[in-house]
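Contents: one structure, followed by commentary.
Rendered as structure tokens:
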């Protein structure tokens, strides 16, 4: 649906959740934000283009907001649908966007060796089966502008925290902001609005800095990948709660680290009290928790050791 002049939100199912693509249509060119999984361009993007009467050759640019397979796994399908489009992502996420095995090992698999937390083969095989990558044409740094017509250019923001190279897109004409997963509220939600799993930000200081930048803009529309469209006060509340959740995690971890604990012990102990997601989904708290633990160590407030081969943490 067109949520603002020239800005289309294409909501596509993703298990019991959804992931949104955004299509920005100017008088000269169109820009697609994210591609979903391999089936998404054919099953959802192509029919939507037909519905609004937009020729595929109008799509000149495709931007991946960040390196997660539900945002990038449809790249090759999108390339086949829009062969003239230039594909772009942030340079810090480029390797994982182009190589699903690197994404699996370095993003989803980084908790295995030191923390004993790993997805099973079935889950990883499903990611592989849903993914076809393609080469990225242009690596972005943030600060670029993309012209869609003489009356409209889109500003590219670097908004790290969920990943090193997360990008957001600012529309100065309408004062709207597409943030994808740059802020993640107090839970990632199901399509019905129930908590699905914990917010999976990873790098705490940059996540907070990005959240502050987004909140300070006070956009008319705040457009995300996995949440409803937010306007005005609702957008401000979403951003405030995204930051407040970070504070609650910090406080819970500091209290728990009076005793030496592994990352898995911390997720098992604390995740049930931080949100109303299903019990098995609490394991995804390893993403933010590790970021907080690394931050506490960096700031000299916590120390590490090893027990049975796994990293442990406790307050100094």
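Residue numbers (my numbering): 129 to 444.
C-beta atoms are modelled at their ideal positions from N, C-alpha and C, and glycine is treated no differently.
None of the values given here were measured: they were computed from a predicted structure.
Same chain, Cβ closer than 6 Å to residue i, five either side skipped, listed in chain order
{"i": "residue 280", "result": "154 and 301"}
{"i": "residue 130", "result": "136"}
{"i": "residue 287", "result": "294, 296, 310 and 338"}
{"i": "residue 191", "result": "161 and 216"}
{"i": "residue 202", "result": "163, 164, 165, 166, 168 and 169"}
{"i": "residue 335", "result": "289 and 329"}
{"i": "residue 186", "result": "158"}
{"i": "residue 444", "result": "431"}
{"i": "residue 139", "result": "146 and 148"}
CA nearest to the CA of residue i, picked from the options
{"i": "residue 252", "options": "196, 418 and 275", "result": "196"}
{"i": "residue 379", "options": "176, 424 and 333", "result": "424"}
{"i": "residue 261", "options": "345, 400, 418 and 165", "result": "165"}
{"i": "residue 308", "options": "255, 263 and 289", "result": "289"}
{"i": "residue 249", "options": "434, 243 and 229", "result": "229"}
{"i": "residue 417", "options": "299, 402, 256 and 147", "result": "402"}
{"i": "residue 404", "options": "321, 254, 393 and 173", "result": "321"}
{"i": "residue 439", "options": "147, 315, 394 and 273", "result": "394"}
{"i": "residue 274", "options": "319, 384, 188 and 397", "result": "188"}
{"i": "residue 455", "options": "304, 282, 272 and 205", "result": "A question about residue 455 goes unanswered here, because the residues of the chain that appear run from 129 up to 444."}
{"i": "residue 435", "options": "218, 174 and 243", "result": "243"}
Span of the alpha helix (DSSP H) around residue i
{"i": "residue 151", "result": "Counting along the chain, residue 151 falls outside any alpha helix (DSSP H), though it belongs to the beta strand (DSSP E) covering 145-153."}
{"i": "residue 395", "result": "391-402"}
{"i": "residue 420", "result": "414-426"}
{"i": "residue 198", "result": "197-200"}
C-alpha distance - residue i paired with residue j, whole-angstrom precision
{"i": "residue 267", "j": "residue 325", "result": "31 Å"}
{"i": "residue 358", "j": "residue 367", "result": "10 Å"}
{"i": "residue 386", "j": "residue 432", "result": "13 Å"}
{"i": "residue 209", "j": "residue 351", "result": "25 Å"}
{"i": "residue 212", "j": "residue 182", "result": "14 Å"}
{"i": "residue 363", "j": "residue 348", "result": "8 Å"}
{"i": "residue 414", "j": "residue 441", "result": "14 Å"}
{"i": "residue 389", "j": "residue 132", "result": "48 Å"}
{"i": "residue 342", "j": "residue 179", "result": "32 Å"}
{"i": "residue 241", "j": "residue 235", "result": "13 Å"}
{"i": "residue 312", "j": "residue 193", "result": "14 Å"}
{"i": "residue 156", "j": "residue 199", "result": "25 Å"}
{"i": "residue 207", "j": "residue 265", "result": "11 Å"}
{"i": "residue 246", "j": "residue 227", "result": "19 Å"}
{"i": "residue 345", "j": "residue 360", "result": "11 Å"}
{"i": "residue 271", "j": "residue 282", "result": "10 Å"}
{"i": "residue 150", "j": "residue 298", "result": "12 Å"}
{"i": "residue 314", "j": "residue 365", "result": "11 Å"}
{"i": "residue 237", "j": "residue 255", "result": "13 Å"}
{"i": "residue 305", "j": "residue 176", "result": "22 Å"}
{"i": "residue 184", "j": "residue 278", "result": "20 Å"}
{"i": "residue 171", "j": "residue 284", "result": "28 Å"}
{"i": "residue 373", "j": "residue 383", "result": "16 Å"}
Contacts around residue i, its chain only, beta-carbon distance under 8 Å, and the 5 residues preceding and following it disregarded
{"i": "residue 317", "result": "145, 323, 324, 354 and 355"}
{"i": "residue 239", "result": "245, 246, 391, 414 and 418"}
{"i": "residue 263", "result": "215 and 226"}
Extent of the continuous beta strand (DSSP E) to which residue i belongs
{"i": "residue 175", "result": "Note, residue 175: premise wrong, no beta strand (DSSP E); alpha helix (DSSP H) at 174-180."}
{"i": "residue 132", "result": "130-132"}
{"i": "residue 136", "result": "135-142"}
{"i": "residue 187", "result": "187-191"}
{"i": "residue 159", "result": "158-161"}
{"i": "residue 407", "result": "Neither: residue 407 is in no beta strand (DSSP E) and is coded neither H nor E."}
{"i": "residue 442", "result": "438-443"}
{"i": "residue 435", "result": "430-435"}
Sequence-distant residues of the same chain with beta carbon closer than 7 Å to residue i, five excluded per side
{"i": "residue 220", "result": "292 and 293"}
{"i": "residue 420", "result": "332, 377, 378 and 381"}
{"i": "residue 371", "result": "336 and 339"}
{"i": "residue 399", "result": "326, 410 and 413"}
{"i": "residue 224", "result": "195, 230, 231, 234 and 235"}
{"i": "residue 152", "result": "134, 135, 158, 159, 276 and 282"}
Cβ of residue i within 8 Å of any chain C Cβ
{"i": "residue 390", "result": "Checking the listed chains, one finds no chain C in this structure; it contains a single protein chain."}
Those runs of the beta strand (DSSP E) which lie wholly inside the stretch 205-252 and span at least 3 residues: The DSSP assignment places complete beta strand (DSSP E) segments of no fewer than 3 residues inside the stretch 205-252 at 214-218, in order along the chain.
Whole alpha helix (DSSP H) runs in the stretch 298-376 with 4 or more residues, listed along the chain? 332-345
Give the list of continuous alpha helix (DSSP H) stretches no shorter than 4 residues that lie fully inside the stretch 252-283. none
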